[in-house]
Each structure stands twice: as structure tokens, then as C-alpha cells.
Amino acid sequence: MKKLRLLVVTLLNFVFVGLLSSQVSAANGFDHSRWDMLLKQHVLPLNGGQASQVDYQGFADDKPELDRYLAALSKVKSGEFDAWPKDEQLAFLINAYNAWTVDLILTKWPDLDSIKDLGSFFRSPWSQSFIPLLGETRSLDDIEHNLIRGSDRYQDPRIHFAVNCASVGCPALRNEAYTGKHLEAQLDEQTRLFLQDRSRNRAESDKLLLSSIFKWYREDFEKGWKGYSSLEQFLLDHAADLSLTPAESQKLKDKDMSIRFLDYDWALNKTL
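Note that the sequence shown ends on residue 537 in my numbering; no numbers are left out.
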């Protein structure tokens, strides 16, 4: 009888510790280790991380693992999400956007050359509602423009260097998951690497040629994040990443350097 009682107590303690561990994990954020593993296996960084290529066939072969990660994302309730620290929330949303973008590509893989092939005359691929997240069926647009950009919680323009649209013109899909603990460093590095890519951001004569991302989302860089009220201020703080000379920096500061936007490359960011 004593042995039985001891066994019951041991089992109850085990269950209690497990529940407590689960509650602590839920309060602190989400476990993205499965997504992290997939990214490390199937994303190839190029030029030191300035760009990347995605092994979509590898993701297709590991679709059950991707599905398990997406299912886990879908189980998170709004109340649970709201209780997380802000950086955990933003990391969750960025990872969700990127993971469901990969999932969307796989619906037609390998018979597509661009994510735009998944859209129609009436609806872009980003406006299609197929994502069960935080209690609603959402689109990629909804995640980016409503949950992230449309919320007063974040207001961080660097998300544009983290969310990935499965295209060559996009900032690199990072080969690790975003986490709340490392989000600041990850976003900072993504920003610097993207600006260092001369195929997408460079100075020529009296012109600064930039990715169209800065045209589409210019207002996000001018809303006061870190005190920036203009795109030029943001760029001047990254003059070294843009390889601007002191003379070019002064011209940009004086607004004597015109800003032009490069054509966007919508080709699929697949491994060759």
C-alpha cells in the first residue's frame, strides 16, 4: 500500500511539474524550435546573409514537420498571445508570416516561377484567407498590415527586412527562427545586411538607388520610430551600410541627393 501511495504521489508531482513548465512556457512565449530546424536545413544564406535561397523541395519533403509547426501556431489563443512580452508577440507574427508563405508556395510547387503565379486578376496571393491564426482565418496581408503594421504595439519599420515574400527582391529569409530573446539583434542585423546589398541599395552619382520596399512603406520609416521623421534620417544612420562617402551623406542630409527606386524582382527565391 505504501508503495502504491508513493507511486501516486510521484505521478502527481510529475504531472504538476509538467503543467507548471507548460504554463511558464506559455507565459513567456512560443517554442519556434521546429521552424528553426526547418530553416537551418532548407535556407541557404548568400553573400554573408545579404540574400538567401530556399530549398522548397526540401520543405516539401518535410511537409509533415511544417504542418505540425503551423498547427501549433494555430492553437495559440488571443488571450495567451496578448499575455506575452511584446518582442515575443512580434517574433511569433514574423515567423507565422514566413512559415505560411512557404506553405503557400508548396501548394503549387514546383510548377511556379513566382509567388504572383498563385494570385488571380481579382485577388493577389497575399489577400487569400487561408491562415487559421489567433481565432480567425487570415491572409498574409492581414498578418502584415493589420496585426503587425496596424498595431500600436510594435511600430518597428525593420519588420520589412524580416517578413519574406518568397521573391528574389525580398530581404533574405533568415535561416533561423525569430525569438523574443534575440529579436532586437536579429532585426538590426537583417536591416544592415539588406542595406549592404549593392544589387538593391546603392549610391550612383547624385542618386541613391533603393529597393522599392522604401517606396511602398516609406511612411513606416517616418512615423517617429527612434526619432526618425524622414526616410533620409533613417538612411543617414545607416550611411556606413550604404557605403556613403562623407560628401554623399552631406548631400543626402541637405536633400541634394535624389532618391530613386529600383524595379522589384518577383522571381521565386528558390535554390538553383
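The beta-carbon is built from N, C-alpha and C at its ideal position, and this holds for glycine as well.
| query | What's the call for D421, buried or exposed, on a 16-neighbour Cβ count within 10 Å? | reply | D421 is buried by the Cβ-count criterion.
| task | Quick one: grab the DSSP three-state call for P329. | result | Three-state DSSP puts P329 in a helix.
| task | Could you work out which residue in Q318, G492, L358 is closest to S416 when comparing CA atoms only? | result | Of Q318, G492, L358, the residue nearest in Cα terms is L358.
| request: Write down the C-beta distance between A533 and A431 rounded to the nearest angstrom, noting that I regard them as a contact closer than 8 Å. | output: In the sequence as displayed, the identity of residue 533 is Leu instead of Ala. The beta carbons of L533 and A431 sit about 6 Å from each other, so the pair counts as a contact at 8 Å.
| query | Taking C-beta to C-beta, are I408 and A361 nearer than 8 Å? | reply | Taking 8 Å as the Cβ cut-off, I408 and A361 qualify as a contacting pair.
| How about T487 and S494: do their beta carbons lie closer than 8 Å? | Looking at the sequence provided, one finds Glu at residue 487 rather than Thr. Yes. Within cutoff.
| said: Out of G314, E469, Q315, L331, which one is the CA nearest neighbour of Q322? | reply: It is L331.
| query | Using a Cβ-Cβ cut-off of 7 Å (strictly less than) and excluding sequence neighbours within five positions of L311, which residues of its own chain qualify? | reply | Excluding residues within five positions, the ones whose Cβ falls inside 7 Å are S317, Q318.
| query | Which residues in the same chain have their Cβ closer than 6 Å to the Cβ of L338, if we skip the five residues on either side of it in sequence? | reply | Within the same chain, L338 has close Cβ partners A361.
| field | Buried or exposed by the 16-neighbour rule on C-beta atoms within 10 Å, applied to L537 | value | By the 10 Å Cβ count, L537 comes out exposed.
| At a cut-off of 7 Å, is K480 close to the ligand NAD when judged by its beta-carbon and the heavy atoms of the ligand? | The model on display carries no ligand, and the ligand NAD is accordingly not part of it.
| field | A427 to I524 span [Cα, whole Å] | value | A straight line joining the alpha-carbon of A427 with that of I524 spans about 23 Å.
| Going by other Cβ atoms of all chains shown within 10 Å of its Cβ, with 16 needed for buried, is S208 buried or exposed? | Only positions 266 to 537 of the chain appear in this structure, which leaves residue 208 out of reach.
| query | Between F346 and P511, what straight-line distance do the alpha-carbon atoms span, to the nearest angstrom? | reply | If I take the Cα positions, the gap works out to 45 Å.
| query | If you run the structure through DSSP and keep just helix, strand and coil, what is R403? | reply | For R403, the three-state secondary structure derived from DSSP is strand.
| message | Tell me the rounded alpha-carbon separation between Q354 and D471. | response | Using only the alpha carbons, I get a separation of about 41 Å.
| field | Span of the alpha helix (DSSP H), counted from its first residue to its last, around Q498 | value | Here the alpha helix (DSSP H) through Q498 covers 496 to 501.
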